[in-house]
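Asker:
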Amino acid sequence: MTRPIQVTIHTAALQHNYRLLKAHAPQSRAYAVIKANAYGHGLVRTAQALADADGFALLEIEQAQVLRELGFALPILLLEGVFEPSELMICAEQDFRIAVHSELQLQWLEEARLKHPVKICLKLNTGMNRLGFVAERAAELVLRLSRNPNVLSITLMAHFATADEPDKGIDWQLARFQAATANLHLPFTLANSAALIDYPQARGEWVRPGIMLYGSSPFAERSACDLGLRAAMSLTSRIIGVQEISAGDAVGYGASFHAEKPMRIGIVACGYADGYPRHAPTGTPVLVNGQRSQLIGRISMDMLALDLTEIPTAQIGSHVELWGNQLSIDEVAAAAGTISYELMCAIAQRVPVATD
Ligand SMILES: *Cc1c(COP(=O)(O)O)cnc(C)c1O
Numbered sequence: 023m024t025r026p027i028q029v030t031i032h033t034a035a036l037q038h039n040y041r042l043l044k045a046h047a048p049q050s051r052a053y054a055v056i057k058a059n060a061y062g063h064g065l066v067r068t069a070q071a072l073a074d075a076d077g078f079a080l081l082e083i084e085q086a087q088v089l090r091e092l093g094f095a096l097p098i099l100l101l102e103g104v105f106e107p108s109e110l111m112i113c114a115e116q117d118f119r120i121a122v123h124s125e126l127q128l129q130w131l132e133e134a135r136l137k138h139p140v141k142i143c144l145k146l147n148t149g150m151n152r153l154g155f156v157a158e159r160a161a162e163l164v165l166r167l168s169r170n171p172n173v174l175s176i177t178l179m180a181h182f183a184t185a186d187e188p189d190k191g192i193d194w195q196l197a198r199f200q201a202a203t204a205n206l207h208l209p210f211t212l213a214n215s216a217a218l219i220d221y222p223q224a225r226g227e228w229v230r231p232g233i234m235l236y237g238s239s240p241f242a243e244r245s246a247c248d249l250g251l252r253a254a255m256s257l258t259s260r261i262i263g264v265q266e267i268s269a270g271d272a273v274g275y276g277a278s279f280h281a282e283k284p285m286r287i288g289i290v291a292c293g294y295a296d297g298y299p300r301h302a303p304t305g306t307p308v309l310v311n312g313q314r315s316q317l318i319g320r321i322s323m324d325m326l327a328l329d330l331t332e333i334p335t336a337q338i339g340s341h342v343e344l345w346g347n348q349l350s351i352d353e354v355a356a357a358a359g360t361i362s363y364e365l366m367c368a369i370a371q372r373v374p375v376a377t378d
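Take the sequence shown: its letters are residues 23 to 378, numbered as in our numbering.
Following this line, the structure appears as structure tokens:
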């Protein structure tokens with residue numbers, strides 16, 4: 023038998039979540055954001071599951087090329103644009119859309135001699151202060167781009183910093199975007215998952231959902247289940263050892279956990295080298311044979327410990343769900359002091375992946 027840890031990607035859940043977001047934004051087209059190996063779900067596997075999407079968005083041109091080679095003809099947007107001028111030729115040949123966020127990228131686009139003009143997303147900085155031109159330069163830049171024979175069309179693009187935080191919202195950025203672009207009458211793409219769910223005025227021609235596709239909630243205060251989302255990834259394993267301990271006994275590295283009473287401890291084949299967060303503390307939820315239990319002590323590289331005291335039927339071979347259909351990844355992430363995005367992306371190479 024092989025080591026029992028496994029990731030399962032739920033194709034039907036990806037498709038369900040895509041349909042759900044389209045129902046939220048019926049007037050918009052959607053770039054399914056599949057950067058970072060589709061948030062750990064696998065680039066090609068996810069693209070195949072979402073082959074009916076309006077478009078894909080990702081970062082590396084090599085990955086966009088892989089999708090074209092596999093026959094995906096739909097729009098593909100490079101969210102950070104090109105990293106060197108030679109990539110512009112490939113964009114023109116393969117019909118990739120590109121973000122243009124810096125003066126340098128703008129110059130490359132002016133100096134290039136492309137066989138076909140490209141569609142660009144002019145990225146404006148409305149307060150995130152990460153990538154993009156100062157929003158107030160929009161009119162001047164659009165004029166400059168409209169004179170560039172390498173540019174086929176312009177969509178305005180910006181990104182929200184606090185769409186997932188109801189008390190901060192998007193108005194502070196949206197007002198700036200609207201003021202800077204009011205007279206341009208161009209299509210726009212602004213919304214990540216949180217914005218597309220909560221702010222109809224931000225949807226525009228294209229939305230850019232990522233996390234919701236994977237069945238996790240973009241909001242700290244609202245569960246994926248309440249939003250109608252379904253988990254696209256399950257991380258499961260099995261119990262490979264059982265220890266009966268007495269009051270006062272310790273568990274794991276650092277002997278950081280001490281039992282207050284006699285306990286039954288299960289050892290699971292899953293550790294931080296599989297991508298499970300090492301900072302998940304004692305008390306983090308885990309499911310054993312469908313019943314809730316909790317982590318005990320520190321996470322090791324290849325194993326973790328959980329409490330079987332109340333689950334007497336559990337034994338070596340019992341099924342463990344670290345997150346997935348029955349235990350939300352959001353709950354595990356919150357317990358570990360992080361967000362689901364990080365957990366999904368951290369799944370290690372050594373973990374076998376199945377699809378259902
Ligand atoms: C990652 C990303 C998104 C998707 O954000 P989610 O919060 O996962 O929906 C959208 N737009 C840009 C520019 C991104 O980098």
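In this text, a Cβ means the ideal position worked out from N, Cα and C, and glycines have one as well.
Leaving out five residues on either side along the sequence, give the residues of the same chain with a beta carbon under 7 Å from the beta carbon of alanine 217.
Answerer: Result list for alanine 217: Phe182, Ala185, Ile192 and Ala224, in chain order.
Asker: State buried or exposed for glycine 263, treating a residue as buried only when at least 16 other CB atoms are found within 10 Å of its CB.
Answerer: With fewer than 16 other Cβ atoms within 10 Å, it is exposed.
Asker: Does the distance from the C-beta atom of leucine 65 to that of valine 29 stay below 9 Å?
Answerer: Contact: no.
Asker: Excluding the 5 residues preceding and the 5 following glutamate 115 in the sequence, name in chain order all residues of the same chain whose CB lies nearer than 8 Å to its CB.
Answerer: Lys137 and His138, listed in sequence order.
Asker: DSSP beta-bridge partners for methionine 366?
Answerer: BP columns for methionine 366 are empty, so no partner.
Asker: For ligand 1, is there a heavy atom less than 8 Å away from the beta-carbon of glycine 232?
Answerer: It does: the Cβ of glycine 232 is within 8 Å (strictly closer) of some heavy atom of ligand 1.
Asker: Using a threshold of 8 Å, is the CB atom of leucine 101 nearer than that to any non-hydrogen atom of ligand 1?
Answerer: Yes; taking the cut-off as 8 Å, the Cβ of leucine 101 has a heavy atom of ligand 1 nearer than that.
Asker: Using only CA atoms, which one of Ala356, Ala370 and Ser259 lies nearest to leucine 326?
Answerer: Here the closest residue by C-alpha is Ser259.
Asker: Counting only the same chain and skipping the five closest in sequence on each side, list residues whose C-beta sits under 7 Å from that of alanine 272.
Answerer: Closer than 7 Å at the Cβ level, and outside the excluded window around alanine 272, lie Phe279 and His280.
Asker: Helix, strand or coil: how does DSSP classify proline 222 here?
Answerer: Of the three classes helix, strand and coil, the one that applies to proline 222 here is helix, per DSSP.
Asker: Just the C-alpha distance for serine 124 and arginine 90, rounded to the nearest angstrom, thanks.
Answerer: Whole-angstrom Cα-Cα distance: 27 Å.
Asker: Which residue from Ala202, Pro231 and Gln49 puts its Cα closest to that of tyrosine 61?
Answerer: The residue with the shortest Cα to Cα distance from tyrosine 61 is Pro231.
Asker: In the DSSP assignment, find the unbroken alpha helix (DSSP H) run with methionine 179 in it and report its ends.
Answerer: Counting along the chain, methionine 179 falls outside any alpha helix (DSSP H), though it belongs to the beta strand (DSSP E) covering 173–179.
Asker: Please state whether DSSP places glutamate 282 in a helix, a strand or coil.
Answerer: Glutamate 282: coil per DSSP, three-state reduction.
Asker: Which residues does DSSP list as the beta-bridge partners of valine 375?
Answerer: DSSP output for valine 375 lists Val29 as bridge partner(s).
Asker: Measuring alpha carbon to alpha carbon, tell me which of Cys143, Leu128 and Ser108 ends up nearest isoleucine 120.
Answerer: Ranking Cys143, Leu128 and Ser108 by Cα distance to isoleucine 120 puts Cys143 first.
Asker: Would you check if the segment 323–340 and the segment 350–363 touch, i.e. whether three or more CB-CB distances between them fall below 8 Å?
Answerer: The segment 350–363 is not in contact with the segment 323–340.
Asker: Could you check which residue in Arg25, Ser238, Leu131 and Leu36 has the C-alpha nearest to that of threonine 377?
Answerer: Considering only alpha carbons, the answer is Leu36.
Asker: With respect to 8 Å, is the separation between the Cβ of histidine 181 and the closest non-hydrogen atom of ligand 1 below this value?
Answerer: Correct: histidine 181 has its Cβ closer than 8 Å to ligand 1.
Asker: When the Cβ atoms of the segment 346–358 are set against those of the segment 46–58, are three or more pairs found closer than 8 Å?
Answerer: No, the segment 346–358 is not in contact with the segment 46–58.
Asker: Ligand 1 and valine 55: does the residue's C-beta get closer than 8 Å to at least one heavy atom of that ligand?
Answerer: Correct: valine 55 has its Cβ closer than 8 Å to ligand 1.
Asker: Which term fits valine 342, buried or exposed, when burial requires 16 or more other beta carbons within 10 angstroms of its beta carbon?
Answerer: So valine 342 ends up on the buried side.
Asker: Does the Cβ of aspartate 189 have 16 or more other Cβ atoms within 10 Å, making it buried, or fewer, making it exposed?
Answerer: Exposed.
Asker: Can you check whether the C-beta of glycine 263 is within less than 9 Å of a C-beta belonging to chain D?
Answerer: Among the protein chains of the structure shown there is no chain D, as only one such chain exists.
Asker: Under DSSP, the alpha helix (DSSP H) around methionine 111 begins and ends at which residues?
Answerer: 109–116 is the span of the alpha helix (DSSP H), which, as asked, contains methionine 111.
Asker: Give me, in chain order, the residues of the same chain whose beta-carbon lies closer than 8 Å to that of cysteine 367; leave out the 5 immediate sequence neighbours on both sides.
Answerer: The residues are Ala58, Asn59, Tyr61 and Gly62.
Asker: Quick test of the definition: if touching needs 3 or more C-beta pairs under 8 Å, does the segment 102–109 touch the segment 162–178?
Answerer: The segment 102–109 vs the segment 162–178: no contact.
Asker: What residues in its chain sit with their C-beta under 7 Å from that of tyrosine 275, if we drop five residues either side in the sequence?
Answerer: Closer than 7 Å at the Cβ level, and outside the excluded window around tyrosine 275, lie Arg320 and Ser322.
Asker: So what does glutamine 316 bridge to, in DSSP terms?
Answerer: Pro307.
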